[in-house]
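>
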Amino acid sequence: MTPRTHERPRHDRAVGALLGAPAAAALEAPHSEPNPPTALERLTHAALEELTTTEEAPHPPTDPTDRAWVRALRALARTGTPPEHLPELDDAPHHDPRGASWKTLTRTPPTPHDPARGSFACDHLVQAVRAAHHAHDLPTALYTGALAGALWGASALPARALRGIGAHIDPHTPTTRALRLAGPTPTEGNWPLSPLSSEDGHTFPSFAVPHPLDPHVLLGDMEYLRSNPHRVDTVVSLCRTHPDDAPHLPHHDWLRFWLHDSSAANANLHFTLNEAAAAVADLRAQGRRVLLHCWAGASRTPAVATRYAVTAFGAPLLPTMADMIRTVGGHLDNPSLSRAVAELDGRELPDPAKSLFNGHLPPRRTPTG
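Residues 80 to 448 (the numbering used here) make up the sequence shown, in order.
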């Protein structure tokens, strides 16, 4: 299946490139303003311009080292693979954040992907940022964050970085900027410039139910977020959102994860599901009331709700997953979510419908359009 425009991996990586530097600041200097240096912002913008249509940057810098760094970030965002030979960066002075960030990114060892053991390939992002800060300085960590974000995508940003970014800026602003730069240009009336009016032509009435194991966590949909602004004080969103969906929420109390409800559309699926569930647990440990939601509350929401139940309460995987899907009137149209939740628990789930419901799926909520 061809990914829809917003599901293209290049868009995940383009947004990751612009969020990477503020994420690095949130991780390594949480009390400082996350604004990247002007030079870094200029280079990142040059690298992302018309990303989806041309291999080379339309307006590359004239400085050779700048041009090489732009080429590196653009290649990472376009292909997810670093260029093999960039002598301008390899030979840059030790104190130059352009060369130092490139060398740190490419020389930080890869992380084994073993979800059942809590190890994810995209953990490399945090490790590279930390290595850059320890070996060099914060500016180098910010440059490294941009490169690592372009390599791994916005879906690889940990919850603590997302919340740290939100303490200073609305993350929707750089998200929109990245998608404008990368192309195709978003049109007025459509996301990310406007709130979603439907997803795949479907809309759902306001819906929320208490989590079966924690009544202070509501499992709901987008319309509930929009129509019940003061029922919860923190939100974990698992779908595309817009600031107008919840204008009352402080940005740091609204964690927005890059997660799609399509098979094979999520580059860092295990990590994202695990981080979203951990975010719910952290917010609950602070005594917060949490809305966990996606567009319909029927697929991504029960997947993360299951992971939260397993990790926070030791709930058994299969009966809990079945209970969550029944609770929200959900479905298994995208079995990759259920399989990934099972793999986080060290289990294989080749046929979720058979394992959870003996092939007889429960009734599902239906859209209004």
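Even glycine gets a Cβ: it sits at the ideal position worked out from N, Cα and C.
#1: How would you write the range of the beta strand (DSSP E) that Pro333 sits in, first residue to last?
#2: Could you tell me which residues DSSP puts in a beta bridge with Cys373?
#3: Could you give the distance in angstroms between the alpha-carbon of Tyr20 and the alpha-carbon of Gly159?
#4: In angstroms, rounded to a whole number, what distance separates the CA positions of Ala100 and Arg319?
#5: Got a sec, what are the start and stop residues for the beta strand (DSSP E) Val315 sits in?
#6: If you check the beta carbons only, do Thr255 and Pro274 fall under 8 Å apart?
#7: Considering only their Cβ atoms, is the gap separating Glu354 from Ala238 smaller than 8 Å?
#8: Which first and last residues belong to the alpha helix (DSSP H) in which Ala126 is found?
#9: Between Pro176 and Ala211, what straight-line distance do the alpha-carbon atoms span, to the nearest angstrom?
#10: Express the C-alpha separation of Ser378 and Pro431 in angstroms, rounding to a whole number.
#11: Hey, is the stretch 363 to 373 in contact with the stretch 307 to 325, meaning 3+ C-beta pairs nearer than 8 Å?
#12: Please list, in chain order, all residues of the same chain as Leu130 whose beta carbon is under 8 Å from its beta carbon, the five residues on each side excluded.
#13: Look at Ser180 and Thr144 and say whether their C-beta atoms are less than 8 Å apart.
#14: With 16 as the cutoff for other CB atoms within 10 Å, does Thr313 come out buried or exposed?
#15: Within 10 angstroms of the Cβ of Asn269, are there 16 or more other Cβ atoms? Answer buried if so, exposed if not.
#16: Helix, strand or coil: how does DSSP classify Asp202 here?
#17: Assuming Trp148 contacts Leu122 (C-beta within less than 8 Å), just tell me the rounded distance between them.
#18: If I measure Cβ to Cβ from His349 and keep anything under 7 Å in the same chain, skipping five residues before and after, which residues do I get?
#19: Taking the alpha-carbon of Thr282 as reference, which of Thr223, Leu217 and Tyr303 has the nearest alpha-carbon?
#20: Among the candidates Phe286, Pro381 and Asp293, whose CA atom is the shortest distance from the CA of Arg305?
#21: Compute the Euclidean distance between the alpha carbons of Trp333 and Arg242, then round it to the nearest angstrom.
#22: According to the Cβ coordinates, are Leu258 and Ala235 closer than 8 Å?
#23: With a CB to CB cut of under 8 Å and the five nearest residues on each side skipped, what residues in its chain are close to Pro172?
#24: What is the C-beta distance between Ser415 and Ala343, in whole angstroms, given that I count them as a contact (C-beta under 8 Å)?
#25: Quick check on this structure: which residue in Pro191, Asn307, Thr406 and Ala246 has the alpha carbon closest to the alpha carbon of His330?
#26: What number of angstroms, rounded off, separates the C-alpha of His251 from the C-alpha of Leu440?
Let me lay it out:
#1: Inspection of the sequence shows that residue 333 is occupied by Trp rather than by Pro. It spans Trp333 to Arg335 - the beta strand (DSSP E) in which Trp333 sits, taken as one unbroken run.
#2: Asp300
#3: Here the chain comprises residues numbered 80 to 448, so residue 20 is not present and cannot be evaluated.
#4: 22 Å
#5: Thr313 to Ser316
#6: no
#7: yes
#8: Thr117 to Leu127
#9: 9 Å
#10: 13 Å
#11: yes
#12: Arg89, Ala93, Arg153, Ala156, Arg157, Leu260, Ala261 and Gly262
#13: no
#14: buried
#15: exposed
#16: helix
#17: 6 Å
#18: Pro194, Phe199, Ala419, Glu422 and Leu423
#19: Tyr303
#20: Phe286
#21: 8 Å
#22: no
#23: Gly178
#24: 7 Å
#25: Ala246
#26: 37 Å
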